[in-house]
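Colleague: Got a structure here, written out as structure tokens. Questions coming.
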Amino acid sequence: MTASWSVALSGVDGFAVEVEAAKGGGLPKTLIVGLPDKALSEAKERVKAAVRASGFEWPPQLITINLWPASLPKTGTHFDV
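Everything in the sequence shown is counted per my numbering, starting at 4 for the first residue and increasing by one.
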């Protein structure tokens, strides 16, 4: 598992959000969990395209991306990278 940080905005306040990614067994699929909005569910394809455009291959495995804490609403495309 690997992790990075982003920020969820609520009005003028910002809250730290940990973005964790893990590879696992199973059929190739990408899951985003932790109360993502519609833009984040579409982020899977944007991130895959960016990885491939950078000359890397997307792993043919189950990829789970967790946005923590799940209780914070997460909107926008800034969580992509």
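We put the beta carbon where it would ideally sit given N, CA and C, even for glycine.
Just so you know, these numbers come straight off a predicted model, no measurement behind them.
#1: Between the C-alpha atoms of M4 and A24, what's the straight-line distance to the nearest angstrom?
#2: By the 10 Å Cβ neighbour count, where 16 or more other Cβ atoms means buried, how is A11 classified, buried or exposed?
#3: Report back the beta-carbon spacing between V22 and L70 to the nearest angstrom; my notes put them in contact at under 8 angstroms.
#4: Buried or exposed for V50, please, with buried defined as at least 16 other CB atoms from any protein chain shown within 10 angstroms of its CB.
#5: Could you pull the start and end residues of the alpha helix (DSSP H) that E45 belongs to?
#6: In whole angstroms, what separates the C-alpha of T78 from that of L38?
Modeller: Put simply:
#1: Straight-line Cα distance between these residues: approximately 6 angstroms.
#2: Residue burial is scored here from C-beta neighbours: A11 has at least 16 other C-beta atoms within 10 angstroms and is therefore classed as buried.
#3: Rounded, the Cβ-Cβ distance is 6 angstroms, consistent with contact.
#4: Classification of V50: buried, given that the 10 Å Cβ count is 16 or more.
#5: Its alpha helix (DSSP H) spans residues K41 to A56.
#6: Put simply, the backbone Cα of T78 is about 9 angstroms away from that of L38.
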